[in-house]
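Participant: Residue numbers (our numbering), protein chains in the order written: chain A, 1 to 346; chain B, 1001 to 1335; chain C, 2001 to 2508.
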Amino acid sequence: MFFLFSGNAERSHKITAFRTLTFLGLILLGVFFSSCSKQEEPQDSFNIAVFVPGVVSGSPIYEMLAAGAQSAAAEYEHVNLNIIEGGSNQGEWEEKISSLAATGKQDVIITSNPAMPGICAAVSKKFPSQYFIVMDGYLEDNDHIYTLRYDQEQQAMLNGHLAGLVTSSEMEGANDQLTIGLIAGQEYPDMLDLIAPGFLAGAKAVDDAIELDFRAVGNWYDAAKGAELARAMISAGVDVILPIAGGANQGVVTAAHEAGIYVLWFDANGYAQQPGTVVGSTSIQQDTATYDTLVKAIEGTLPYGEAVTLGLESGFITFIEDDELYTSYVPEKVRTAQNEYLEGLK
Amino acid sequence: MSRLLHSLYLIVLFIVIIFTILLLISPEPVMAFEDFVTGPFSNIYNTGNLFAIAAILIICGTGVSISFQAGLFNLGGEAQIYSSALVGTLVGLALPEGSGFFGILVVIIISMITGAAIATISGFLRYRYHIHELISSFLLSGGLLSLTDFLISNTFRDSKSFLQTTSKLPESFYLPSILPPSNLTITILIACTVACILWFWLYKMAGGYEMRVFGLNKDFAEFGNISSRRYTILPLMINGACFGLAGALMILSTQHAAIVGFSAGYGWNGIVIALIAANNPIMTIPAAFLLAWVETGTRTAMAGSSVSLEMSEVIRGMILLMITLRFFKNRRSRS
Amino acid sequence: MKNHEGIQLQHIHKTYASNQVHACDDISLSLELGLKHIIVGENGAGKSTIMKILSGDIRPDSGKIFYRGAPVSLTHPEDALNLGIGMIHQVLHFFPELTVREHLILGMKDLKPLKKIDSESIDAHIAQICKTYNISFSPDEKVEHLDAVSRQLTALLALISRNVEVFILDEPPQEVLMIAQRLNEEGKTIIVITHNINDAISFGDEVTVLRGGTLQGSYETSTITREFLANRIMGDHDSQMLLSGGKKRLSHQSDSRDLIGNPLVILEHVSGGDLDSQDQVEDISLEVGQGETLAVVGIRDNGLKALESLVAGYKQSTYRQTSGRIRILGKRARESSYDEVGYIPSERLSTGGAVSMSVIENLIMPWRRDRALFRSSRIPIYSSKRLNKVAKDVIRDFSIKGSTQDSLLSLSGGNIQKLITARALHHEPQVLICADISWGLDIKTREALFNAIEVLKSRGMAVLFFTSEVNTAIDEADRIAILRRGRLVSIIKNTEKVTAQSIGEMML
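1. To the nearest whole angstrom, what separates the beta carbons of E2308 of chain C and F2466 of chain C, a pair I think is in contact under 8 Å?
2. What is the DSSP secondary structure of P1027 of chain B, counted as helix, strand or coil?
3. Just reading off the beta strand (DSSP E) that P117 of chain A is part of, what are its end residues?
4. My guess is that V79 of chain A and A66 of chain A are in contact by the Cβ rule of under 8 Å, so how many angstroms apart are they, rounded?
5. List the residues of chain A that R1299 of chain B touches, going by C-beta distances under 7 Å, in chain order.
6. Whose CA, out of B:A1274, B:A1248, B:V1272, B:I1271, lies closest to the CA of F1262 of chain B?
7. Could you tell me the distance, in whole angstroms, from the CA atom of Q2514 of chain C to the CA atom of S2358 of chain C?
8. For M1211 of chain B and chain C, any beta-carbon pair shorter than 8 Å?
9. Give the DSSP-derived three-state secondary structure of W220 of chain A in the structure shown.
10. Should F1101 of chain B go down as buried or exposed, given a rule of 16 or more other Cβ atoms within 10 Å for buried?
11. What distance in whole Å lies between the Cβ atoms of T1166 of chain B and L1234 of chain B, which are believed to be in contact at a cut-off of 8 Å?
12. Under the rule that 16 or more other beta-carbon atoms within 10 Å means buried, what is Q224 of chain A, buried or exposed?
13. Specify the secondary structure class of M1211 of chain B as computed by DSSP and reduced to three states.
14. Interface residues of chain B around Q155 of chain A at Cβ under 9 Å?
15. To the nearest angstrom, report how far apart G116 of chain A and G137 of chain A are at their CA atoms.
16. Can you tell me whether E2469 of chain C is helix, strand or coil according to DSSP?
17. Let me check understanding here. Comparing Cα to Cα, which of C:P2173, C:R2226, C:L2169, C:D2199 lies closest to K2188 of chain C?
18. Considering only the beta carbon of each residue, do I1108 of chain B and A1079 of chain B sit closer than 8 Å?
19. Starting from the Cα of M1302 of chain B, find the closest Cα among B:A1191, B:R1316, B:M1283, B:Q1164 and give me that residue.
20. So with Cβ pairs under 8 Å, would you call E2078 of chain C a contact of chain B?
21. Check distances from the C-beta atoms of the region 2365-2380 of chain C to those of chain B and list, in chain order, the residues that come in under 7 Å.
22. Classify L1189 of chain B: buried if its beta carbon has 16 or more other beta carbons within 10 angstroms, exposed otherwise.
23. Determine contact between the region 309-320 of chain A and the region 278-286 of chain A, defined as no fewer than three beta-carbon pairs at a distance below 8 Å.
24. Under a CB-based cut-off of 8 Å, is S2502 of chain C close to chain B?
25. Which residue's Cα is closest to the Cα of V2100 of chain C: C:S2150, C:V2091, C:S2062, C:K2115?
26. What does the alpha-carbon distance come out to for the pair A215 of chain A and P197 of chain A?
27. Can you name the residues that DSSP bridges to E2268 of chain C?
28. Let me know the secondary structure DSSP gives H2011 of chain C once reduced to three states.
29. Would you mind working out which of B:E1313, B:A1264, B:V1194, B:T1254 sits nearest L1050 of chain B, comparing C-alpha positions?
30. Which residues in the same chain have their Cβ closer than 7 Å to the Cβ of G2212 of chain C, if we skip the five residues on either side of it in sequence?
31. Distance cutoff 8 Å, beta carbons only. Does N1217 of chain B sit that close to anything in chain A?
32. My guess is that S1336 of chain B and G1076 of chain B are in contact by the Cβ rule of under 8 Å, so how many angstroms apart are they, rounded?
33. How many Å lie between G1143 of chain B and S1083 of chain B at the Cα?
34. Please confirm whether I1021 of chain B and V1314 of chain B have their CB atoms less than 8 Å apart.
35. Starting from the C-beta of I2326 of chain C, find all residues in its chain whose C-beta is less than 7 Å away, skip the five residues before and the five after it, and write them out in chain order.
36. What does K2315 of chain C reach in chain B if we use C-beta pairs closer than 7 Å?
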């Protein structure tokens, strides 16, 4: 019976504190010794760091970024590739990218996200010799940063046109009301200035009376909130929604499937997300674009300081028409009209 | 001597475990391990960041130590940092652009008051209505975190930025840098000063003495006429003010704007620090450096070799577990 | 050898690694079953150590133990309990949040993780034991709310419910001794560790004397005198001190005893207490004058503790005064400063100090805001030099063994008690409220404390002394107030005619 034992005297805090110090001291000693034995890297290699502002898995655009970088690196023997995930804490991105630049070992850091040009420019001030490539972002006139973006307005117009066709069609889930929905992760300049207007413009090309219901989740992960917004839209008469909200997209798909309305997909092939519910998908060839850009960088021919915008004609943006799920679920009349619009834009 | 051997033995075990994890998850375990251990000291930038992280951790840990010494559990650190940082930032943005030193001071004081006010609510509930501060601070924090997220990403959002953030503070609000290009500013000096002042108060002044007695033995405190109202509320107030200070310093030295979720984890890490330091403010300094080293180590390991974000979290978690296990084991009594 | 069926300890040696104290030096001891054995000796004589060895709590460096003729190996208290040997320590370790019942369940031998606990039969079992031995407390009480005596009773209950045959009691309070007497009548073996020679002779069948870790001898109590026992415990030199009890002092004071000085403590029709329990008092009126000791004797949970708390103004959330008037130095309870009214609480570890704090820190509690302890009168920062000086003075004056930086817990029980008394007396208060300070003290220490109180009394200090030990009251008090079930039975002058028996009868 424990309470019949005599107790030991309590250990004094000083001993614990002393131990902490000893412990720390020994670790630092170990660090010191091991850093003495550190070897230098061979000079002729070319090191590429891919900084993913988020997590690769589950995000098509980052998956393509990683895949493109990997295939570029595989072509050259002296190229070392390193993929670093930045996590969802936006406040840490700058520090993490800085610590990459601080190693001084990276010949180029490639990343992708409209927010990254600003962050890279800030890091570039601290580490002026570091080169950056930012995909899906735009920044002119920094001679150490090359940016490449896709014409998101055009891409949104393609989605918007299909949305217009669907809402005014005789399709089962379409209602009489001419309202289409756009759910964004958050409101950011490209969203407000390019995507949303493009989406509406595409739809208005079908019928000028179509109206847009735009809402933002407030983050890029909350699927429950995504579903909630989608339901609110549906009850307001929306019958086709384009979600651009990262992880929250899943919630939108679920809600749409339950209500029997339609969803469009942005940036990657999304038909398989929910066959019959996802009826249209635009994609960007970020993997090819990444590959091309990195090859130029490795060869030393990349014009840093330039900011490139890739449009529909470049082939890096497409509307996916050849997917079986598209042809089987979408009526031919709609598909024909969409194809005409696509060809017209090129 | 056996104590030293015991420490050595644990360190070896520690290294073996980390290495085993790296062996399993990293294509280049040796390099990853080396990056982990030496990375924080491989260049000025990383070393500076280690100090910068340690500075914030010292302040958080010291604050938590104070409430722990009074026998109070403040689990609301996350929101106390985050919300008060937002309030501080907003006040800073409202001040004229060239406010300089005066502006910095106002931001810091406002943040401290906000943090203290949030924590004081829990202290008041504890004293007046006997609602355990452990619960109330945690729940309050949950609500405030969401509210702050909302305010940053909606009401006060900088519509020109691609991030979910408020506008940036003007440069006159930046704290003087110590080790450029790293994030280290005079925060480390502030942190050590705070730890020393609170240590002094705790062990050399009547107020700290009374608070420690109150934390150790409520009956003895009552015997000596020590006010239970004061020492239920004051320690939480100090704790909250420390968190507020930490939030303000993160804004003024590193972030320069309140970005959604920027301070995530510091509230909990403050508790870890306090536990390792056995609630002694001075000992939070080595404890914070230990934790900052783990933090920077995992970051450099991730930057240097292909360790994924999740795996780096796993390693960090393992290390924290081992550290805390070690310190809890020491405190366990025989029975 | 005789007593083959008893307990035999042979050539036990034990040296503590932490301080190299030779606590047991070749002790060989035979204890016959069914008797009441008393182990006496000064603090540090090795009494507790040898008994902790017998109860499996400490392992001896060398030596053998036989029980009922067979050699036994005791590596853990559970081993001893399985044999039927159980010990109740002076300081007990509990889970404060658990109730008495839950502690008894934890102690049960056939406790299995998945087995349902039959609390009804446990309650019935507890009720039965309580009835048999006349113990009163509820099994639903959380242990943190129990006082020291009730905690001892809880431990005793646990031992009884495990059918222990040999009870080892380290400095038991009177309440536990009374039950031990009943247990012995049922044939159980009782071993009591004590400092109290009176208890030793009146309670025990056989007395074993230890001094400085060595055995001085075992004697049948019927054959020895107090003088002889004192001599064996202390050596020839100091034994006179042991025998000069309070009676001697009283006789030379007896002339002045009728003249009670100016009353410093006045209680008028005081009622109140812990309204949730039996610990209440009703209509208490008494006065304590300058230079006198009034002892209030009673049973702890039947009003003694309540009266102590009301007078000291302590634990006001639990102990409420419902009516009447308390005036100490003309002020209400608690309104006077600690320098005017000293208080030595009955719960010396839980209320009297913080165990993990240092001696200095425990000592300065009442004067923590005194400028004399600060570096200068303007800066309120403690000066280590001045703190140390105060602490060293007290340690020297009261010959406390321990360094000023040690934690309170590292001091022995006697030294802790001295420290708490020293703190109460340090600034020469006009009134001293104290409770049961002699419990667990050796004779020298006890004498030193009462002498210190005596000196201040002669300068006019009034002492209000709460105790459940009738003998202490008779030894030390000028007048004795007897409390029964929360009411004052009578207040008598402590003359030669007063005996423990006559008071005991009035208490019950």
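Where is the CB? At the ideal position from N, CA and C, for every residue including glycine.
Facilitator: With the given structure in hand:
1. 5 Å
2. coil
3. No beta strand (DSSP E) holds P117 of chain A; the alpha helix (DSSP H) holding it covers 116-126.
4. Rounded, the Cβ-Cβ distance is 15 Å, inconsistent with contact.
5. K96, S99
6. B:A1248
7. With chain C covering 2001 to 2508 only, the question about residue 2514 of chain C has no answer from this structure.
8. no
9. coil
10. exposed
11. No, L1234 of chain B and T1166 of chain B are not in contact; Cβ-Cβ is about 32 Å, not under 8 Å.
12. The question names Gln, yet the displayed sequence has Ala at residue 224 of chain A. A224 of chain A is exposed by the Cβ-count criterion.
13. helix
14. By Cβ distance, chain B contributes nothing, its closest Cβ being about 17 Å from Q155 of chain A, past 9 Å.
15. Inspection of the sequence shows that residue 116 of chain A is occupied by Met rather than by Gly. Near 7 Å, if we compare the C-alpha coordinates of G137 of chain A and M116 of chain A.
16. coil
17. C:L2169
18. no
19. B:R1316
20. no
21. M2365, P2366, R2368, R2369, P2380
22. exposed
23. yes
24. no
25. C:S2150
26. Here residue 215 of chain A turns out to be Arg, not Ala, going by the sequence shown. Looking at the two C-alpha atoms, the distance is approximately 14 Å.
27. C:R2325
28. strand
29. B:T1254
30. A2045
31. no
32. With chain B covering only 1001 through 1335, there is no way to say anything about residue 1336 of chain B.
33. 11 Å
34. yes
35. L2267, V2270, L2310, V2311, R2332, A2333
36. E1222
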